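Down below is the structure, laid out as structure tokens.
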Amino acid sequence: MAELSAKQSPGVDTDVIIVGAGWGGMYMLHQCRKLGLSAKVLEKGPSVGGTWYWNRYPGLRCDVESTLYSFSFDHELEQEWTWTERYAAQPEILRYANHIADRFDLRRDIRFNTAVTAVRYDESKKLWRVSAEGMAESTARFVVMATGCLTVPKDVNIPGLEQFKGAVYHTARWPETPVNFSGKRVGVIGTGSSAIQAIPIIAEQAKHLYVFQRTPSYSLPAKNRKLESGFVADVKRNYDSLRQEARYHLVGIPAPTYAASVFDVDEATRTKIFDACYDNGLPFALMVTFGDLLASEEANQTAQDYLARRIRERVNDPELAEQLIPKGQFVGTRRLCIDTGYYETFNRDNVTLKNIAKNPIKSITETGVQLVDGQVDLDCLVFATGYDAMTGALLAIDIRGEGGAQLKDRWAAGPRTMMGLMMADFPNLFTITGPGSPSVLSNMVLSIEQHVEWIAECLKHMQASGKQTIEPLAEAQDQWVNHVNEVANSTLFPRGNTWYMGANVPGKPRVFMPYLGVGPYRTLCEEVTAAGYKGFALS
Ligand code: NAP
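So the mapping is simple: the working numbering equals the position in the sequence shown, first residue as 1, plus 3.
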């Protein structure tokens, strides 16, 4: 790519600098061009796709159906692209990301292999100074952080890791060339969404697979299948209404709520409703089956009992099944996973569950994992240990606003944003799917699209009205943070030890980071815009 030289506004290199070339960054670039703004994307990786570029572990699929996990902004794009599987695998999703880049000719404005290190506001000139590895400082009127919610793997922090002589992999940084585990003794640490998808495939190859489980997750069979042409044609015909329904749904994925309470129906009816989700591989649908499922302990217990029974059906050894069943964990407050043969994998002779909640890891040695009650010898170690989610990628960059305000100080007790879109004292700096917005509690593509379009509309408004800067009012931001907490506190979410709460990263403030409610959130954003950017100061 050429250096950042496009000049739209005097005194800056570029109108808009976008950080990240995942879905959000790519669509933002497209929207900026439509507005006649000069825009450049800085991307750490060598290609587009964001998390779908970095994650390429075996078995990876999206947990949102492919027909919905796709852009809706361009009718022709929607009609010309045909998904082949119900839950698309990573290679197909990455092909789609590359198709977006090619179709809209985006690459010429993306600088790859460019990790942004600092984003600092120059108050006197009212512009942002962006520093990146291997690039001269660049200036812009606006910065859009499209850095993703699941970008930075969390530190593994197990003593002795550097001594291990075998191969080490992380699901979030998987090599481009496929890994062959044939004949190997493999250890997988972690049992979240990533591990649950990778484990069945690794088990098929490995001589022996040891799964180190500290906290089990609930998982539903994905029931993935090839998509029939008739089904795809139907979806394409009905895309407008489907998308519209998704946009105003609680989780951004159309699914019915059958009753306000699980206790409004008898047990047989409830089981039938849960079966409809479980037997059709619909994790998001399960979460919204009843209005109180995510809010009442007693209501949630019915789903816990149901899923425990379904796990017992899939595991031959009853004692092993009990270890795989989450205990004292609310259904849905920790990400519900989808799997293809996960529980059945534990029926194989070459797979052993190591319950490290009972028998913790003491250290990693040259030859394996040392547990309190003995050593497990290994040739390969796979970490599926998750992310410093939602705030990790933003706080990895030195972001400073007005008066030298540092984002890391402002967020020391947890992220504070105005609707996950902007922060007070950081004028003209936007975040796509930032904390305080539905983001990870939604269909990400839908939420990305909504944010990009809100930002584009805002930039258009500023152009039209001759405004130079926009930033949230501190008071409005405080109100939003309180509202996010209020909504969260009316549910069971804050009681889970999950990455939604920052609980997976030692020392991270325990704050519920996303906003629950895709539809209500969209309506609130629309109201803000209609009221002339209520809660924001434009100057
Ligand atoms: P995760 O859900 O955070 O799971 C990490 C796992 O590693 C947990 O079981 C955790 O146990 C364990 N762990 C972490 N540190 C450990 C340590 N030091 N020692 C032992 N165990 C440790 O991470 P993930 O599986 O990568 O998934 C993250 C999110 O990415 C998902 O929730 C989902 O939103 C997204 N994702 C989606 C898909 C999909 O669309 N199908 C696939 C993959 C990922 P503890 O809970 O005890 O800490």
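The C-beta atom is built at its ideal place from N, Cα and C for all residues, glycine as well.
Small disclaimer: the values here were computed from a predicted structure and weren't measured.
Report all residues from its chain with a CB closer than 8 Å to the CB of residue i; omit the five preceding and five following residues, and keep chain order.
i: residue 91; result: 64, 65, 69, 72 and 99
i: residue 501; result: 336, 337, 338 and 507
i: residue 457; result: 424, 528 and 532
i: residue 525; result: 250, 251 and 453
i: residue 235; result: 70, 85 and 86
i: residue 409; result: 401, 402 and 403
i: residue 537; result: 479, 530 and 531
Closer than 6 Å by C-beta to residue i: which residues in its own chain qualify, once you throw out the five before and the five after it? Chain order, please.
i: residue 357; result: 213 and 215
i: residue 56; result: 48 and 50
i: residue 401; result: 121
i: residue 280; result: 288 and 289
i: residue 9; result: In this prediction, residue 9 has a pLDDT of 40, which is less than 50 and means its spatial position is unreliable; what the coordinates show is noted afterwards. Counting only Cβ-Cβ distances below 6 Å, and skipping sequence neighbours, we find 17 and 41.
i: residue 534; result: none
i: residue 15; result: 130, 142, 143 and 144
i: residue 1; result: Residue 1 cannot be examined here, being either before or after the span of the chain that is shown, 4 to 542.
i: residue 308; result: none
Spatial neighbours of residue i within its chain, please: C-beta separation below 7 Å, excluding the five flanking residues on both sides.
i: residue 491; result: 497, 515 and 519
i: residue 542; result: 470, 471 and 472
i: residue 512; result: 416, 417 and 505
i: residue 395; result: 154 and 155
i: residue 210; result: 186, 187, 188 and 353
i: residue 389; result: 157, 193, 195, 502 and 507
i: residue 150; result: 22, 23, 396 and 397
i: residue 230; result: 86, 87, 88 and 89
i: residue 365; result: 373, 374 and 375
i: residue 67; result: 256 and 446
i: residue 82; result: 239
Work out the CA separation of residue j and residue i for me, nearest whole Å.
i: residue 451; j: residue 299; result: 30 Å
i: residue 58; j: residue 255; result: 23 Å
i: residue 479; j: residue 539; result: 8 Å
i: residue 19; j: residue 130; result: 10 Å
i: residue 76; j: residue 326; result: 45 Å
i: residue 102; j: residue 78; result: 15 Å
i: residue 61; j: residue 345; result: 13 Å
i: residue 554; j: residue 465; result: In the structure as shown, the chain starts at 4 and stops at 542, and residue 554 therefore has no counterpart that could be examined.
i: residue 232; j: residue 453; result: 29 Å
i: residue 95; j: residue 250; result: 24 Å
i: residue 277; j: residue 199; result: 21 Å
i: residue 303; j: residue 224; result: 20 Å
i: residue 258; j: residue 248; result: 9 Å
i: residue 172; j: residue 517; result: 29 Å
i: residue 152; j: residue 274; result: 34 Å
i: residue 419; j: residue 440; result: 11 Å
i: residue 329; j: residue 272; result: 24 Å
i: residue 4; j: residue 137; result: Because residue 4 sits at a pLDDT of 34, beneath the cut-off of 50, its placement in the model cannot be relied upon, and the following sentence gives the value as read from the coordinates. In a straight line, the C-alpha of residue 4 is about 13 Å away from that of residue 137.
i: residue 220; j: residue 262; result: 26 Å
Looking at residue i and the ligand NAP, is the gap between the Cβ and the nearest heavy atom below 7 Å?
i: residue 200; result: yes
i: residue 481; result: no
i: residue 390; result: yes
i: residue 65; result: yes
i: residue 446; result: no
i: residue 507; result: yes
i: residue 160; result: yes
i: residue 338; result: yes
i: residue 276; result: no
i: residue 194; result: yes
i: residue 69; result: no
i: residue 502; result: yes
i: residue 341; result: yes
i: residue 217; result: yes
i: residue 532; result: no
i: residue 164; result: no
i: residue 366; result: no
i: residue 543; result: There is simply no residue 543 to check, as the chain begins at 4 and stops at 542 in what is shown.
i: residue 359; result: yes
i: residue 154; result: no
i: residue 87; result: no
i: residue 387; result: yes
i: residue 348; result: no
i: residue 174; result: yes
i: residue 73; result: no
i: residue 197; result: yes
Determine contact between the region 430-445 and the region 184-198, defined as no fewer than three beta-carbon pairs at a distance below 8 Å. No contact exists between the region 430-445 and the region 184-198.
Is the region 135-146 touching the region 154-171 in the sense that three or more CB pairs, one from each, lie closer than 8 Å? In the pairwise beta carbon analysis, the region 154-171 is classified as not touching the region 135-146: fewer than three pairs are separated by under 8 Å.
With three or more beta-carbon pairs closer than 8 Å as the criterion, would you say the region 306-323 touches the region 199-214? By the Cβ test, the region 306-323 is not in contact with the region 199-214, since fewer than three Cβ pairs between them sit closer than 8 Å.
Decide if the region 337-354 is in contact with the region 191-202; the criterion is three or more beta carbon pairs, one per stretch, under 8 Å apart. Under the three-pair Cβ rule at 8 Å, the region 337-354 counts as touching the region 191-202.
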